[in-house]
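S.K.: Questions regarding the structure given below will be posed in turn.
2 protein chains.
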Amino acid sequence: MQIILKNPLDMHLHLRDKDMLKAVAELSSKSFSAAIIMPNLLPPITTIEDVISYKKRVDEASKNTSFKPLMTLFFKNNYDFEFLKSAKEHIFAIKLYPAGITTNSQDGVNSIDSESLKDTLEAMSELEIPLCVHGESEGFVMDREKEFVPIYENLATNFPKLKIIMEHITTKDSADILDKYPNLYATITLHHLLITLDDVAGGMLKPHLFCKPIAKRYEDREALLNLALNAHPKVMFGSDSAPHPQDAKESCGCAAGVFTAPIALQVLVELFEKHSKLDNLQKFISDNAQKIYNFEPISKSVTLEKKPFIVPDAYGEVIPMYAGEKLKWSISSIS
Amino acid sequence: MQIILKNPLDMHLHLRDKDMLKAVAELSSKSFSAAIIMPNLLPPITTIEDVISYKKRVDEASKNTSFKPLMTLFFKNNYDFEFLKSAKEHIFAIKLYPAGITTNSQDGVNSIDSESLKDTLEAMSELEIPLCVHGESEGFVMDREKEFVPIYENLATNFPKLKIIMEHITTKDSADILDKYPNLYATITLHHLLITLDDVAGGMLKPHLFCKPIAKRYEDREALLNLALNAHPKVMFGSDSAPHPQDAKESCGCAAGVFTAPIALQVLVELFEKHSKLDNLQKFISDNAQKIYNFEPISKSVTLEKKPFIVPDAYGEVIPMYAGEKLKWSISSIS
Numbered sequence: 002m003q004i005i006l007k008n009p010l011d012m013h014l015h016l017r018d019k020d021m022l023k024a025v026a027e028l029s030s031k032s033f034s035a036a037i038i039m040p041n042l043l044p045p046i047t048t049i050e051d052v053i054s055y056k057k058r059v060d061e062a063s064k065n066t067s068f069k070p071l072m073t074l075f076f077k078n079n080y081d082f083e084f085l086k087s088a089k090e091h092i093f094a095i096k097l098y099p100a101g102i103t104t105n106s107q108d109g110v111n112s113i114d115s116e117s118l119k120d121t122l123e124a125m126s127e128l129e130i131p132l133c134v135h136g137e138s139e140g141f142v143m144d145r146e147k148e149f150v151p152i153y154e155n156l157a158t159n160f161p162k163l164k165i166i167m168e169h170i171t172t173k174d175s176a177d178i179l180d181k182y183p184n185l186y187a188t189i190t191l192h193h194l195l196i197t198l199d200d201v202a203g204g205m206l207k208p209h210l211f212c213k214p215i216a217k218r219y220e221d222r223e224a225l226l227n228l229a230l231n232a233h234p235k236v237m238f239g240s241d242s243a244p245h246p247q248d249a250k251e252s253c254g255c256a257a258g259v260f261t262a263p264i265a266l267q268v269l270v271e272l273f274e275k276h277s278k279l280d281n282l283q284k285f286i287s288d289n290a291q292k293i294y295n296f297e298p299i300s301k302s303v304t305l306e307k308k309p310f311i312v313p314d315a316y317g318e319v320i321p322m323y324a325g326e327k328l329k330w331s332i333s334s335i336s
Numbered sequence: 002m003q004i005i006l007k008n009p010l011d012m013h014l015h016l017r018d019k020d021m022l023k024a025v026a027e028l029s030s031k032s033f034s035a036a037i038i039m040p041n042l043l044p045p046i047t048t049i050e051d052v053i054s055y056k057k058r059v060d061e062a063s064k065n066t067s068f069k070p071l072m073t074l075f076f077k078n079n080y081d082f083e084f085l086k087s088a089k090e091h092i093f094a095i096k097l098y099p100a101g102i103t104t105n106s107q108d109g110v111n112s113i114d115s116e117s118l119k120d121t122l123e124a125m126s127e128l129e130i131p132l133c134v135h136g137e138s139e140g141f142v143m144d145r146e147k148e149f150v151p152i153y154e155n156l157a158t159n160f161p162k163l164k165i166i167m168e169h170i171t172t173k174d175s176a177d178i179l180d181k182y183p184n185l186y187a188t189i190t191l192h193h194l195l196i197t198l199d200d201v202a203g204g205m206l207k208p209h210l211f212c213k214p215i216a217k218r219y220e221d222r223e224a225l226l227n228l229a230l231n232a233h234p235k236v237m238f239g240s241d242s243a244p245h246p247q248d249a250k251e252s253c254g255c256a257a258g259v260f261t262a263p264i265a266l267q268v269l270v271e272l273f274e275k276h277s278k279l280d281n282l283q284k285f286i287s288d289n290a291q292k293i294y295n296f297e298p299i300s301k302s303v304t305l306e307k308k309p310f311i312v313p314d315a316y317g318e319v320i321p322m323y324a325g326e327k328l329k330w331s332i333s334s335i336s
């Protein structure tokens, strides 16, 4: 049994920099046609020069001409119209982080309200630059995304021409507002379709499943599955695959992030097959994103066959999700 | 500034066995007058011979004649009246674990209902053997204790003469039923008075703060603080201090348990002082437990003074809570 995925897209990817970039970029570039590359380096990507130079490093590391890194800027409220106009040809979107909310987000925005962000967001609206948002408050870890919902609603209402992507949604609350605002969209990760807090902390504590936003409750996962499996047209796959060295995960203070890039397609096929929704995977993995972002990716066909794939224990010093476990599907060819 | 604690009691302590027992027993025996020693070894303590032999090992390891280990049996539903009658002089209480709910609880009870446990619990009632309970369901990790509340209520109602101790309560739900049933009591740990899930998983993931039951929400911690700081007469200190080697905590599957035994008194004084409730600490740390269990501990005076204490980075291979941090109070003398 085979399935062919056309132009798979990862609409939320962390490739980091330097040695880590060199270690992981190829894994995504092999099986994806394009990926949105997150800008939360240290220091973050905030200038056109940063974007150009980071893209060059990504291209070199990905060693793959049939892969397009879709570059982003790290949102700063001092970006003016002229800057954004010049930046537009180099970027695909701008990513907004609340300050300090996740890995390397210290330089993010302290107060996200439509009044203080007005000039920048109006310029982005006019220039048709999409806004990707890490939507979490500073509240209790299980409530952070729920508490951010009014901020999404406020932004969506006040900037109706701005395309706003709720990144890596993890709750029913976020799923529920998706259809209320025409300009709201969402990405969903692989791991949030699979795990709940029980998998992270219900038995032994599993640092390799620790991520931000943290995995939530069963009813939340159910809401995400409902969107993804039915290929809701406003929802795209974004792995949020985030590599950390093993010793940064298995330590007295474990970094947030699940590494799924090299196994995402195989596991998605297994998941959609299990729910008898294989017909919808093409939309979730590529077509929806093309429509939402209005772009045409490099042509790439990934053929998967129902043949066991043993996930490596590690990719370099990074432990992937399902390390050492047997998946039902493997990638048999890419063209 | 000094404070003297008379006969401090730890009404819930894990000492484990073998090398770990030798490494940690002395730390509790030095500063506590007595402690209830949990029976969840591998295999668990289920016979009188087990109790006698484990007590001997604890006595040897604790190297301290002014410390009394209060031994327990691991609840099995086949304990009959005659067995319990013979066991009574050797034990202080019996600890009931739902099967598989925490460390070494595989041999626990699968279904906790008053009908199936009737014979054993009636025998315990008649013999006045207290029942200590790990009260968690098999549900979602944040709901497990809440879901166990009806079971506590059922047991308390059906066995009105049985002294039931809700061990290491972590939620407002448990706090709320304490006064509804005359035969319900509770222990509270140090760490559940201090942390919430935010401390475990809100920033970096902190394996050394991972415990079962998992730390809950702010309103839950508030309810526990309210009980402890006001020395509610049905509430006792029980550290649930649980040593694990560093490599069992900082790994791809981290064991549950926070190691607080050697720092508990110092931190409790700091906490009660901060809330201007120092006058109530004696009751929480000893007097309440003496009344609830109706016993008289070995006389011991622990003097603490307001002088910084730097918590060691490790006790042997065990990382304590607040490792390397500075506490405000230290133990100056024990007599």
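Protein chains in written order, with our numbering: chain A, 2 to 336; chain B, 2 to 336.
Think of the CB as a built atom: it goes at the ideal place given N, C-alpha and C, for glycine as much as any other residue.
Taking only three categories from DSSP, how would you classify Gln107 of chain A?
M.R.: coil
S.K.: Quick one: Cα of Asn65 of chain A to Cα of His91 of chain A, how far?
M.R.: 19 Å
S.K.: Does DSSP classify Ser115 of chain B as helix, strand or coil?
M.R.: coil
S.K.: Could you check what DSSP says for Met12 of chain A in three-state terms: helix, strand or coil?
M.R.: strand
S.K.: Assuming Pro321 of chain B is part of the alpha helix (DSSP H), what are its boundary residues?
M.R.: Taken as a continuous stretch (DSSP letters only), Pro321 of chain B belongs to no alpha helix (DSSP H), as it is neither H nor E.
S.K.: Anything in the stretch 107-141 of chain A with a Cβ closer than 7 Å to a Cβ of chain B? List those residues in chain order, please.
M.R.: Phe141
S.K.: Got a sec: which bits of the stretch 157-187 of chain A sit with their beta carbon under 9 Å from any beta carbon on chain B, in order along the chain?
M.R.: Only those residues of the stretch 157-187 of chain A whose C-beta falls short of 9 Å from the nearest C-beta of chain B would be listed, and there are none.
S.K.: Assuming contact is defined by CB atoms lying nearer than 8 Å, are Phe68 of chain A and Ile299 of chain A in contact in what I supplied?
M.R.: The answer is yes: Cβ separation under 8 Å.
S.K.: Over what stretch of residues does the beta strand (DSSP E) that includes Val134 of chain A continue unbroken?
M.R.: Counted as a single uninterrupted DSSP element, the beta strand (DSSP E) harbouring Val134 of chain A occupies residues Leu132 to Val134.
S.K.: Using a Cβ cut-off of 7 Å, pull out every chain A residue sitting near Ser360 of chain B, in sequence order please.
M.R.: As displayed, chain B neither begins before 2 nor continues past 336, which places residue 360 of chain B out of reach and without an answer.
S.K.: Between Lys250 of chain B and Thr190 of chain B, what straight-line distance do the alpha-carbon atoms span, to the nearest angstrom?
M.R.: 19 Å
S.K.: Tell me, please, whether the stretch 35-55 of chain A touches the stretch 76-90 of chain A by the rule of three or more beta-carbon pairs shorter than 8 Å.
M.R.: yes
S.K.: List the residues of chain A whose Cβ lies closer than 8 Å to the Cβ of Met143 of chain B, in chain order.
M.R.: Met143, Leu198 and Arg218
S.K.: Cβ closer than 8 Å: which chain B residues qualify as neighbours of Pro209 of chain A?
M.R.: Reading off the sequence, residue 209 of chain A comes out as His, not Pro. Residues of chain B with a Cβ closer than 8 Å to the Cβ of His209 of chain A are, in chain order, Cys253.
S.K.: Whose C-beta lies closer than 7 Å to the C-beta of Phe211 of chain A among residues of the same chain, with five residues either side of it excluded?
M.R.: Val201, Cys255 and Ala257
S.K.: Answer yes or no: does any C-beta atom of chain A fall closer than 8 Å to that of Leu206 of chain B?
M.R.: Yes, contact with chain A.
S.K.: Cβ closer than 8 Å: which chain B residues qualify as neighbours of Ala202 of chain A?
M.R.: Val142, Val201, Ala202, Phe211 and Ile215
S.K.: Do we get a CB-CB distance below 8 Å when we pair Ala256 of chain B with the residues of chain A?
M.R.: yes
S.K.: Which residues, in order along the stretch 320-332 of chain A, keep a beta-carbon less than 9 Å from a beta-carbon of chain B?
M.R.: Ile320 and Ala324
S.K.: Considering just the uninterrupted stretch of the beta strand (DSSP E) at Phe141 of chain A, what are its terminal residues?
M.R.: Neither: Phe141 of chain A is in no beta strand (DSSP E) and is coded neither H nor E.
S.K.: Closest Cβ-Cβ distance between Ala124 of chain A and chain C: below 8 Å?
M.R.: The displayed structure is made up of protein chains A and B, and chain C is not among them.
S.K.: Compare the beta carbon distance of Asn194 of chain A and Arg222 of chain A with 8 Å and say whether it is the shorter of the two.
M.R.: In the sequence as presented, Asn is not what sits at residue 194 of chain A; that position holds Leu. Yes, Cβ-Cβ distance for Leu194 of chain A and Arg222 of chain A is below 8 Å.
S.K.: With His135 of chain A and Ile113 of chain A assumed to form a contact (beta carbons below 8 Å), what rounded beta-carbon distance in angstroms separates them?
M.R.: Going by Cβ atoms, the distance from His135 of chain A to Ile113 of chain A rounds to 10 Å, so no, they are not a contact pair.
S.K.: Label Ser1 of chain B either buried or exposed according to how many other C-beta atoms from any shown protein chain fall within 10 Å of its C-beta, with 16 as the threshold for buried.
M.R.: Nothing can be reported for residue 1 of chain B, as the shown portion of chain B is limited to 2 through 336.
S.K.: Can you tell me where the beta strand (DSSP E) holding Met237 of chain A begins and where it ends?
M.R.: Val236 to Phe238
S.K.: From the DSSP output, which residues share a beta bridge with Thr73 of chain A?
M.R.: A:Ala94
S.K.: Where DSSP assigns a beta bridge to Lys7 of chain A, which residues make up the other side?
M.R.: The partner list for Lys7 of chain A (beta bridge, DSSP) reads A:Ser302.
S.K.: On the DSSP bridge list, what partners appear for Pro99 of chain A?
M.R.: A:Val110
S.K.: Could you name the residues of the same chain whose beta carbon sits closer than 6 Å to that of Ala35 of chain B, not counting the 5 residues immediately before and after it, in chain order?
M.R.: Take Ala35 of chain B, set aside five residues on each side of it, and the residues of its chain with a beta-carbon closer than 6 Å to its own are Leu10, Lys69, Leu71 and Pro298, in chain order.
S.K.: Starting from Ser331 of chain B and walking both ways along the beta strand (DSSP E), at which residues does that stretch end?
M.R.: Ser331 to Ile335
S.K.: Between Lys77 of chain B and Met39 of chain B, is the Cβ-Cβ spacing less than 8 Å?
M.R.: Contact flag unset, no.
S.K.: Output the boundary residues of the beta strand (DSSP E) element that contains Leu185 of chain A.
M.R.: Note, Leu185 of chain A: beta strand (DSSP E), Leu185 to Ile189.
S.K.: Compare the beta carbon distance of Leu14 of chain B and Gln283 of chain B with 8 Å and say whether it is the shorter of the two.
M.R.: No, the Cβ-Cβ distance between Leu14 of chain B and Gln283 of chain B is not below 8 Å.
S.K.: When we look at the beta-carbon of Ile311 of chain B and count the other beta-carbons within 10 Å, is it buried (16 or more) or exposed?
M.R.: exposed
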